[in-house]
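*Asks:* Numbering (this note's numbering), first residue to last: 21 to 523.
1) Between the stretch 321 to 341 and the stretch 501 to 519, can you find at least three pairs of beta-carbon atoms closer than 8 Å?
2) Using CA coordinates, which residue listed in 235, 348, 360, 240 is at the minimum distance from residue 286?
3) Leaving out the 5 sequence neighbours to the left and right, which residues in its chain are closer than 6 Å to residue 413 when beta-carbon positions are compared?
4) Would you check if the distance between the CB atom of residue 363 and the CB atom of residue 492 is smaller than 9 Å?
5) Relative to the C-alpha of residue 524, which candidate in 394, 352, 397, 344 has its C-alpha closest?
6) Please list, in chain order, all residues of the same chain as residue 106 whose beta carbon is under 6 Å from its beta carbon, the five residues on each side excluded.
7) Nearest by alpha-carbon distance to residue 100: which of 126, 146, 174 is it?
8) Starting from residue 190, trace the alpha helix (DSSP H) both ways and give me its first and last residue.
9) For the candidate residues 131, 161, 220, 199, whose alpha-carbon lies nearest to that of residue 148?
10) Nearest CA to the CA of residue 423: which residue from 165, 93, 272, 54?
11) Enumerate, from N- to C-terminal direction, the unbroken alpha helix (DSSP H) stretches of 4 or more residues contained entirely within the stretch 267 to 297.
12) May I have a chain-ordered list of the alpha helix (DSSP H) segments no shorter than 4 residues that lie completely inside the stretch 300 to 384?
13) Would you mind stating whether residue 136 and residue 120 have Cβ atoms separated by less than 9 Å?
14) In three-state terms, what does DSSP make of residue 525?
15) By a C-beta neighbour count over all protein chains shown, 10 Å radius and 16 as the cutoff for buried, is residue 522 buried or exposed?
16) Going along the chain, which residues of its own chain have a beta-carbon closer than 8 Å to the beta-carbon of residue 508, five neighbours each way excluded?
17) Just verifying my parser: in three-state terms, what is the DSSP assignment at residue 496?
18) Is the CB-CB distance between residue 189 and residue 179 below 9 Å?
19) Counting along the chain, where does the alpha helix (DSSP H) carrying residue 215 start and finish?
20) For residue 163, which residues in the same chain have their Cβ closer than 8 Å to its Cβ, ignoring the five residues on either side in sequence?
21) CB-CB under 6 Å to residue 335, same chain, minus the five flanking residues each way: which ones, in chain order?
22) Considering only the alpha carbon of each residue, which of 299, 214, 41, 437 lies closest to residue 402?
23) Please report how far the alpha carbon of residue 289 lies from the alpha carbon of residue 369, in whole angstroms.
24) Which of the three DSSP states, helix, strand or coil, is assigned to residue 452?
25) What residue range is occupied by the uninterrupted alpha helix (DSSP H) comprising residue 86?
26) On the criterion of 16 or more Cβ atoms from any shown chain inside 10 Å, does residue 324 qualify as buried, or is it exposed?
27) Going by CA-CA distance only, name the one from 237, 154, 245 that's closest to residue 213.
28) If distances are taken between C-alpha atoms only, which option among 93, 469, 278 comes closest to residue 139?
29) Which parts of the stretch 456 to 483 are runs of the alpha helix (DSSP H), unbroken and 4 residues or longer, counting only runs that do not cross its ends?
30) Note down, in chain order, each residue of its chain lying with its Cβ closer than 7 Å to the Cβ of residue 379, except the 5 sequence neighbours on either side.
31) Give me the Cβ distance between residue 275 and residue 426, rounded to the nearest whole Å; I'm assuming they're in contact under 8 Å.
32) For residue 243, which three-state DSSP category applies?
33) With a 10 Å radius around its C-beta and 16 neighbouring C-beta atoms as the bar for buried, classify residue 519 as buried or exposed.
34) Measuring only the C-alpha atoms, how far is residue 440 from residue 125?
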């Protein structure tokens, strides 16, 4: 079921290719959808749609009951042991848990939609949007389990092709609404639900054809208390901790809605889209690191984990620094190009957190190692501290500097989580190459200053979004060519070390 014969180096190359191919295809689709919506809808309506979606995502991280990471942790071991009965069992447990909790949350949202619209979103229009996205929430539970199964067995192709098709369906329905004069908040919300359910149908078909029929069909489900206890004791801690980045970002959005209103939520959701751009290039690899770390820990090969952490930390740090400086310089330009002038404030908000992106990248590596080691209690403690810290800081900063305060609180939250996770992973601690770090900071800060002084005013003077986009793309290409040349020696070392990693 998992390609056992491949070396780790082969897995990184082969699966990394699929990760990046599909990430480059999927990410622009989400941006195109948001660009269309931002063109047709008001800032307040954008705030309602993505505010409701944010609430669904926040609750879905709890609805998951930690089963997603349980699948990722246990299935690789079960497959290695060829215990397909246990694989079928854990999938069944996950589905039952999600159906029960998801069904309850769906009913609460659907029948309390009017109450939430008036008392939370302060806009009766949100009533039908909440009802529509209740079905989105319900469908997500099924899609998520199957998708995480693909991830756990390292089937990167199926994992990403299902995401791609889901987003293509959403885009297709969105474009249909746009060109048939149905471009309003209700029909655009329905596009998300329709696209998801078409994606679910395809995911189920692929799962049954490649995995259920050949491996799981004739296996029995084990209604065993010891297995149940082992899986859910792990899952419960994950459930309590959930995902740090998800909780932090969604808490920000919900506090903005509650304290400032839907308009500021609209600015903030488009800020989130811009600050997520670097993750299009680097983020996908995080999804693959967890199964790799789990496999290495099962083999007690801790030196390889330390090596992987070291080389990825070094290269992720330099890339995120260069990218964050570029976004800091061109934040407002990017916001206007993507979402029109009415979302200029989103680019200003960006400046308050974009320079902290590096810590988000690094904490993702650390959290994957903690999870693979089964150190869920440590993760839980870190996240609980961060949630309290972030909530208090959000309240203070939003109150005094508005929506930008949420952005700053998020960045400081990333820093806190990274520091705490490094403390918990002291046995895997690797020293930073200070000269390498200082070199990148000085070089790209200098280049960024030149771009801000000479290029930004020129782009702003074009007054044509298409020309601005072309100009920005050219600048970006030249910028990253310089980045590559500055760090070419380190990239060669990175590639050589990956090649050395064998089973």
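C-beta atoms are modelled at their ideal positions from N, C-alpha and C, and glycine is treated no differently.
*Replies:* A quick look at the data gives this:
1) A contact exists between the stretch 501 to 519 and the stretch 321 to 341.
2) Residue 360 is the option with its Cα nearest to residue 286.
3) The beta carbon of residue 413 sits closer than 6 Å to the beta carbons of 429 from its chain, once the five residues preceding and following it are set aside; these are given in chain order.
4) For the pair residue 363 and residue 492, the CB atoms are not nearer than the 9 Å cut-off.
5) Since the first residue of the chain shown is 21 and the last is 523, residue 524 is not available in this structure.
6) The beta carbon of residue 106 lies closer than 6 Å to those of 98 in the same chain, with the five residues before and after it left out.
7) The residue among 126, 146, 174 with its C-alpha nearest the C-alpha of residue 100 is 174.
8) First-last of the alpha helix (DSSP H) with residue 190: 176 to 199.
9) The option with the nearest alpha carbon to residue 148 is 131.
10) Selected option, being the one with the closest Cα: 272.
11) The stretch 267 to 297 contains, as complete alpha helix (DSSP H) runs of 4+ residues, the segments 282 to 295 (chain order).
12) Taken in chain order, the complete alpha helix (DSSP H) segments of 4 residues or longer contained in the stretch 300 to 384 are 304 to 318, 322 to 359, 364 to 370.
13) Going by C-beta atoms, residue 136 is not nearer than 9 Å to residue 120.
14) The shown model of the chain, from 21 to 523, leaves out residue 525, and the question about it has no answer.
15) Unreliable placement is indicated for residue 522, whose pLDDT of 49 sits below 50; no coordinate value is reported for it.
16) Closer than 8 Å at Cβ, skipping near neighbours: no residue.
17) In this structure, DSSP gives residue 496 a helical state, which the three-state scheme calls helix.
18) Cβ atoms of residue 189 and residue 179: not closer than 9 Å.
19) Segment 205 to 227, the alpha helix (DSSP H) holding residue 215.
20) Counting only Cβ-Cβ distances below 8 Å, and skipping sequence neighbours, we find 182, 186, 216, 219, 220, 223.
21) Closer than 6 Å at Cβ, skipping near neighbours: 514.
22) Out of 299, 214, 41, 437, 437 has the C-alpha closest to the C-alpha of residue 402.
23) So the alpha carbons of these two residues sit roughly 11 Å apart.
24) Looking at residue 452 - three-state DSSP - the assignment turns out to be coil, as it is neither helix nor strand.
25) Where residue 86 is concerned, there is no enclosing alpha helix (DSSP H), given that its DSSP letter is neither H nor E.
26) Burial state of residue 324 is buried, judged by a 10 Å Cβ sphere holding 16 or more other Cβ atoms.
27) Looking from the CA of residue 213, the closest CA among 237, 154, 245 belongs to 154.
28) Selected option, being the one with the closest Cα: 278.
29) With a minimum length of 4 residues, the unbroken runs of alpha helix (DSSP H) contained wholly in the stretch 456 to 483 fall at 476 to 480.
30) Result list for residue 379: 434, 435, 438, in chain order.
31) 7 Å between Cβ atoms; contact.
32) The DSSP-derived three-state label of residue 243 is coil.
33) Burial call: exposed.
34) When rounded, the distance between both Cα atoms is 33 Å.
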